[in-house]
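These protein sequence lines are chains W and Z, in that order.
So for the first sequence, this note's numbering puts the first residue at 1; every next one is plus one.
So for the second sequence, this note's numbering puts the first residue at 1; every next one is plus one.
For each residue, glycine too, the CB sits at the ideal point set by N, CA and C.
Okay, structure first, notes after.
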Amino acid sequence: MNASTDTLAPARPALGVSLPMPDAVERVVGTLKYTVDHSIEGMVHGKLVRSPYPHARILDVDTTGAQAADGVLRVITGAHIAAAAEVPNPLFGLARRDQAPLAIDKVRYAGDPVALVVADTPANARIGAASVLIDYEELPFMVDPEEALVPGAPVLHDQWPGNECGEWRLESGNVDEAMARAEHVFESTYTSPMASPVPFEPHVAIAAWDSDRLDMWTATQWPSAVQQELAHMFDIDIEQVRVRTFPLGGGYGAKSQLKIEPVVGAAARMMGRPVRLELERDEVFLTIAKHPANMRIRTGVDSAGLFVVREIDLLYNGGAYAVLTPKAVAQGLVRSVGPYGFPNIRIRSRGVYTNTVPSGSFRGAMTNQCAFAYESHVDEIAAGLGVDPVDLRLQNLLNDGDRFASGQVMHDVHFPELIRDVAETIGWEEPDVPGGSGKARGKGVGVILKTTPPGSRTEVRVEVRADGRVLVHTSSVDMGQGVRGTLAQLTAHHLGVDFDQVSVLDPDTAETFDSMTAGSRTTFVADRAIRQACESVREQLSQLAAKKLQVDPSDLGHESGAVVGLSGSRHSYSEIVGGAGLAAVTGDGAHQSSPSDALDDPLDVKGEVAEHWHQGAVAVEVEVDLETGKVELLRCHGATWAGRVVNPVRARQQSEGSIIFGIGPALFEELILVDGQVSNPNMSDYMIPSILDVPIELTSASLESTDPDADIHGVGEMTIPAVAPAIANAIARAADARVRHLPLTPEKVLRAIMGAEQE
Amino acid sequence: MNHASVSAVTLVVNGDEHQVEVMADEPLVRTLNDRLGFSSVRATCAMGICGTCTVQLDGAVVSSCLLLTRQVAGRSITTSEGMMSDDGTLSRVQQAFVDHGAYQCAYCIPGMVVTVDACLSEDPDASIEEIREYLAGNLCRCGAYVSVLEAIADLVEGGRG
Numbered sequence: 001m002n003a004s005t006d007t008l009a010p011a012r013p014a015l016g017v018s019l020p021m022p023d024a025v026e027r028v029v030g031t032l033k034y035t036v037d038h039s040i041e042g043m044v045h046g047k048l049v050r051s052p053y054p055h056a057r058i059l060d061v062d063t064t065g066a067q068a069a070d071g072v073l074r075v076i077t078g079a080h081i082a083a084a085a086e087v088p089n090p091l092f093g094l095a096r097r098d099q100a101p102l103a104i105d106k107v108r109y110a111g112d113p114v115a116l117v118v119a120d121t122p123a124n125a126r127i128g129a130a131s132v133l134i135d136y137e138e139l140p141f142m143v144d145p146e147e148a149l150v151p152g153a154p155v156l157h158d159q160w161p162g163n164e165c166g167e168w169r170l171e172s173g174n175v176d177e178a179m180a181r182a183e184h185v186f187e188s189t190y191t192s193p194m195a196s197p198v199p200f201e202p203h204v205a206i207a208a209w210d211s212d213r214l215d216m217w218t219a220t221q222w223p224s225a226v227q228q229e230l231a232h233m234f235d236i237d238i239e240q241v242r243v244r245t246f247p248l249g250g251g252y253g254a255k256s257q258l259k260i261e262p263v264v265g266a267a268a269r270m271m272g273r274p275v276r277l278e279l280e281r282d283e284v285f286l287t288i289a290k291h292p293a294n295m296r297i298r299t300g301v302d303s304a305g306l307f308v309v310r311e312i313d314l315l316y317n318g319g320a321y322a323v324l325t326p327k328a329v330a331q332g333l334v335r336s337v338g339p340y341g342f343p344n345i346r347i348r349s350r351g352v353y354t355n356t357v358p359s360g361s362f363r364g365a366m367t368n369q370c371a372f373a374y375e376s377h378v379d380e381i382a383a384g385l386g387v388d389p390v391d392l393r394l395q396n397l398l399n400d401g402d403r404f405a406s407g408q409v410m411h412d413v414h415f416p417e418l419i420r421d422v423a424e425t426i427g428w429e430e431p432d433v434p435g436g437s438g439k440a441r442g443k444g445v446g447v448i449l450k451t452t453p454p455g456s457r458t459e460v461r462v463e464v465r466a467d468g469r470v471l472v473h474t475s476s477v478d479m480g481q482g483v484r485g486t487l488a489q490l491t492a493h494h495l496g497v498d499f500d501q502v503s504v505l506d507p508d509t510a511e512t513f514d515s516m517t518a519g520s521r522t523t524f525v526a527d528r529a530i531r532q533a534c535e536s537v538r539e540q541l542s543q544l545a546a547k548k549l550q551v552d553p554s555d556l557g558h559e560s561g562a563v564v565g566l567s568g569s570r571h572s573y574s575e576i577v578g579g580a581g582l583a584a585v586t587g588d589g590a591h592q593s594s595p596s597d598a599l600d601d602p603l604d605v606k607g608e609v610a611e612h613w614h615q616g617a618v619a620v621e622v623e624v625d626l627e628t629g630k631v632e633l634l635r636c637h638g639a640t641w642a643g644r645v646v647n648p649v650r651a652r653q654q655s656e657g658s659i660i661f662g663i664g665p666a667l668f669e670e671l672i673l674v675d676g677q678v679s680n681p682n683m684s685d686y687m688i689p690s691i692l693d694v695p696i697e698l699t700s701a702s703l704e705s706t707d708p709d710a711d712i713h714g715v716g717e718m719t720i721p722a723v724a725p726a727i728a729n730a731i732a733r734a735a736d737a738r739v740r741h742l743p744l745t746p747e748k749v750l751r752a753i754m755g756a757e758q759e
Numbered sequence: 001m002n003h004a005s006v007s008a009v010t011l012v013v014n015g016d017e018h019q020v021e022v023m024a025d026e027p028l029v030r031t032l033n034d035r036l037g038f039s040s041v042r043a044t045c046a047m048g049i050c051g052t053c054t055v056q057l058d059g060a061v062v063s064s065c066l067l068l069t070r071q072v073a074g075r076s077i078t079t080s081e082g083m084m085s086d087d088g089t090l091s092r093v094q095q096a097f098v099d100h101g102a103y104q105c106a107y108c109i110p111g112m113v114v115t116v117d118a119c120l121s122e123d124p125d126a127s128i129e130e131i132r133e134y135l136a137g138n139l140c141r142c143g144a145y146v147s148v149l150e151a152i153a154d155l156v157e158g159g160r161g
């Protein structure tokens with residue numbers, strides 16, 4: 001092999017550079033293909049019929065009229081699925097198998113799917129669905145998690161007679177003694193309501209069977225979980241289920257776990273033809289909601305202002321089905337501690353079933369609710385002690401080398417830097433500007449901790465082709481955060497090739513495994529997996545080149561997509577691959593986070609609860625209208641610990657997008673229940689932030705380490721949990737009005753101003 | 001009205017005539033997306049709130065989920081696809097969005113492009129504040145608004161430079 005004569009330009013740096021997403025033009029023009037755009041030959045269309053009752057026995061489903069409607073091919077009910085040989089294990093659920101594709105025997109929330117009408121067109125399926133007649137016997141219901149715990153409360157699932165949906169505890173030190181001896185004790189209860197992630201692309205899935213093999217295209221953040229759970233449902237090998245997805249038109253947690261995939265897979269198998277189901281907007285609201293939560297905190301403080309003891313009682317409303325709640329409340333427990341050290345601490349975190357929309361992931365899951373509580377509480381303590389809230393935080397924040405409540409020694413901890421950054425940017429030390437007539441201004445801060453739980457796995461395969469292309473096989477899902485771009489940048493960086501050569505393929509469980517695209521874990525884990533895959537590829541390329549050149553592989557180096565010999569001769573990767581008569585050289589990489597026994601005993605959580613700590617802070621300035629209680633967000637700044645930044649523009653968009661996302665649940669988002677039904681499952685009555693809700697001054701910082709090998713931290717949801725408490729704290733400082741219940745509506749703020757907020 | 005009754009209409013989309021058979025109660029967004037394949041036009045809220053179905057009708061910004069296809073027969077409809085030249089050259093607005101990374105999941109972005117384009121066509125001297133007001137009906141759940149405003153600032157300042 002001769003030294004390459006082509007003049008290889010040195011690869012441009014790929015890390016820390018704001019390269020555009022590779023599909024930027026398609027995204028802007030509108031030609032990007034999402035799962036909702038996918039279609040396959042011969043597919044037919046489903047429409048779900050949902051229960052109007054929050055809790056009822058299904059007495060009879062009359063499908064005669066629907067069966068006779070134009071174009072209707074089949075009407076499937078829960079009873080059909082329960083009896084179908086094609087669906088040997090009809091119950092699914094990643095934490096508990098308590099949910100059926102269609103309700104069997106009884107419905108547990110208003111919106112529970114009861115029947116699926118399948119027709120030749122979506123319009124005919126909709127018309128047919130209107131003709132399904134269902135007789136119900138209404139049962140007593142409850143929607144309040146406190147009520148679910150009362151003896152004699154309605155029982156949703158016979159296997160869980162007390163409506164229990166997970167209970168986790170942590171205790172260290174001597175809480176009772178410390179509380180008795182504390183100089184000051186503060187106690188408050190804070191609540192967060194049901195809210196909705198509102199992804200714009202609805203849930204959509206297509207299932208096609210070929211004998212005992214299932215092909216599923218679905219808008220999901222968890223392709224591998226869908227694959228595993230469907231294999232169980234249909235009693236087939238995991239390899240017989242292939243799940244693929246395209247970029248998502250938004251996820252925000254709504255497309256985590258399993259949603260409509262089971263009913264689509266079951267219908268397609270029972271009918272022997274491909275079935276597609278796309279939810280309508282009201283159905284998206286009725287499919288998954290943010291966990292409502294009540295959090296009671298009691299804190300003992302010594303005479304110097306140190307937090308010496310804390311007690312937390314946390315109750316999550318899991319809704320009608322477990323989804324992930326029994327496990328998620330463990331994360332809720334861990335994240336309820338926040339970024340503070342407590343020598344004595346006792347936490348109980350529980351989930352319960354109620355007759356409401358199933359609760360699940362929501363950007364900042366199991367963190368937003370806790371952060372609103374503990375960061376509001378810090379300001380209440382500061383007010384009680386008469387000290388500055390930022391100083392009180394700096395005095396009590398966890399530092400590198402400190403022990404977390406579980407006993408885990410913490411590293412890579414930067415809370416003080418974050419709080420200083422946001423306080424300085426908002427001008428914390430400067431006196432508050434008086435508001436206009438009848439208005440008052442104030443500033444507030446919040447700082448939060450989130451975790452990446454141990455025990456997840458991510459695989460990638462990097463393929464260097466003879467044609468010069470580099471392909472990255474991954475099952476990480478692009479949902480707007482830019483996986484296609486970020487993983488390409490990481491691959492270009494670790495392989496030393498140009499970014500433009502690299503293409504990231506869409507998720508396909510037949511190719512690679514990834515636990516989930518969630519929890520801001522992807523960039524961190526993919527970096528490690530990709531580095532390993534690239535090292536493997538480089539080693540193979542060295543071997544091939546060494547054989548051809550008849551030199552020792554250790555005499556060869558790598559530079560800018562080429563193997564370089566001692567003489568300085570350069571051999572491009574594509575030339576080496578082609579020269580060896582191969583189409584491609586591939587390398588596998590995986591990141592398996594170390595297992596931990598911290599959660600082995602639910603009633604005694606201890607040890608390593610986080611693979612790595614997410615850290616963020618927000619500061620705001622608000623103006624409160626003292627006559628109406630209306631809050632205007634004047635300025636906002638967020639800071640995220642990034643470790644190293646892969647793409648500055650995208651990191652910024654995550655921090656600032658996360659703040660904007662957080663403004664909704666802080667100020668106005670809430671799913672309202674009337675007689676057990678969601679009364680606002682539409683985008684007119686359930687508002688999300690518009691461009692006019694964005695403060696004119698909105699900035700962010702992604703803080704980086706000076707260590708070139710520092711961990712790359714995820715940056716997707718580190719500001720959102722701090723938004724609501726920062727605003728609540730600013731309102732309290734501006735108007736002497738403490739609101740402990742989200743959202744911070746004008747009515748609640750006004751009541752607090754008038755000193756009349758109910759607990 | 002028979003829901004399923006079908007009639008033939010002629011639509012003019014991005015300057016091209018299309019003959020389509022549509023149902024009597026079919027909203028324009030369904031015809032454009034499902035039947036004619038204009039993927040930039042998407043039904044999200046289906047009630048005129050979110051703006052992902054935004055098109056220009058004779059140059060004016062409309063929500064295509066609120067119009068029946070039969071109402072707009074023969075009138076001129078422009079989508080984001082139509083703002084790109086046949087050779088792939090992006091419009092000034094589209095290019096500014098690309099340059100400023102003004103997209104995340106991007107489900108909403110083509111609708112914003114259509115709105116900003118209409119605003120600037122109506123008033124080439126529109127201020128950032130006016131364009132921001134114009135975009136109140138184009139929601140973005142990812143929260144890409146800051147980058148969108150930067151793209152707009154570039155358009156406004158670049159246009160006057």
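Per the DSSP calculation, residue 348(W) is bridged to which residue(s)? 169(W) and 313(W)
Where DSSP assigns a beta bridge to residue 613(W), which residues make up the other side? 451(W)
Among 108(W), 289(W) and 181(W), which one has its Cα closest to the Cα of residue 307(W)? 181(W)
What three-state label does DSSP hand residue 656(W) in the structure shown? helix
Measure from the C-beta of residue 101(Z) to each C-beta in chain W and report whether the shortest distance is under 8 Å. yes
Bridge partners for residue 295(W) per DSSP, in chain order? 190(W) and 314(W)
Mapping DSSP to helix, strand and coil, what is residue 686(W)? coil
Spatial neighbours of residue 340(W) within its chain, please: CB distance less than 7 Å, with the 5 preceding and 5 following residues excluded, ordered by chain position. 307, 396, 397 and 398
Tell whether a beta-carbon distance below 8 Å holds between residue 590(W) and residue 529(W). yes
Measure the C-alpha to C-alpha separation of residue 673(W) and residue 145(W) and round it to an integer number of angstroms. 14 Å
Output, in sequence order along the chain, the residues in the region 92-121 of chain Z whose CB is closer than 7 Å to any CB in chain W. 94, 97, 98, 101, 103, 104, 105, 106, 107, 108, 109, 110 and 113
Contact set between residue 81(Z) and chain W, taken where Cβ atoms lie within less than 8 Å: 29, 30 and 31
Identified DSSP bridge partners for residue 443(W): 621(W)
Hey, could you find the ends of the beta strand (DSSP E) residue 748(W) is sitting in? Careful: residue 748(W) lies outside any beta strand (DSSP E), inside the alpha helix (DSSP H) at 746-753.
Which runs of the alpha helix (DSSP H) spanning at least 4 residues fall entirely within the region 448-508 of chain W, listed in chain order? 483-495
Please work out which residues of its chain come closer than 7 Å, Cβ to Cβ, to residue 660(W), disregarding the five sequence neighbours upstream and downstream, and give them in chain order. 689 and 694
Do you know whose CA, among 176(W), 345(W), 438(W) and 746(W), lies nearest residue 406(W)'s CA? 345(W)
Could you check the C-alpha separation between residue 131(W) and residue 296(W) for me, to the nearest Å? 47 Å
Residue range of the alpha helix (DSSP H) that residue 393(W) falls in? 389-396
Kindly list the residues whose CB is nearer than 8 Å to the CB of residue 270(W), restricted to its own chain and excluding five residues on each side of it in sequence; keep chain order. 74, 76, 80, 81, 84, 86 and 87
Could you give the distance in angstroms between the alpha-carbon of residue 168(Z) and the alpha-carbon of residue 664(W)? The structure shown does not extend to residue 168(Z), since chain Z spans only 1 to 161, so no value can be given for it.
Can you check DSSP and say which residues form a bridge with residue 340(W)? 397(W)
Cβ-Cβ distance between residue 408(W) and residue 607(W) below 8 Å: yes
Please go through the region 30-92 of chain W and give each complete alpha helix (DSSP H) segment of 4 or more residues, from N-terminal end onward. 64-68 and 78-83
Under 8 Å: do the region 106-121 of chain Z and the region 52-71 of chain Z share three or more Cβ pairs, one atom per stretch? yes
Can you name the start and end residues of the beta strand (DSSP E) that residue 77(Z) belongs to? 76-78
Let me see if you follow: with CB-CB separation under 8 Å, is residue 13(W) close to chain Z or not? no
Give the residues of chain Z in contact with residue 698(W), contact being defined as C-beta atoms less than 8 Å apart. 146
Is there a Cβ of chain B sitting closer than 8 Å to that of residue 74(Z), yes or no? Of the chains in the structure shown, none is chain B; the protein chains are W and Z.
Could you tell me whether any Cβ in chain W is nearer than 8 Å to the Cβ of residue 66(Z)? no
Taking the straight line between their C-alpha atoms, what separation do you get for residue 552(W) and residue 565(W)? 10 Å
Residues of chain Z with CB closer than 9 Å to the CB of residue 117(W), please, in chain order. Chain Z residues near residue 117(W): none, gap ~15 Å exceeds 9 Å.
Once DSSP output is grouped into helix, strand and coil, what is the label at residue 202(W)? coil
How would you write the range of the alpha helix (DSSP H) that residue 713(W) sits in, first residue to last? That residue, residue 713(W), is in no alpha helix (DSSP H); it is neither H nor E in DSSP.
Can you pull the chain Z neighbours of residue 538(W), defined as C-beta to C-beta under 8 Å? Within chain Z, no residue comes near residue 538(W); the closest Cβ sits about 31 Å away, beyond 8 Å.
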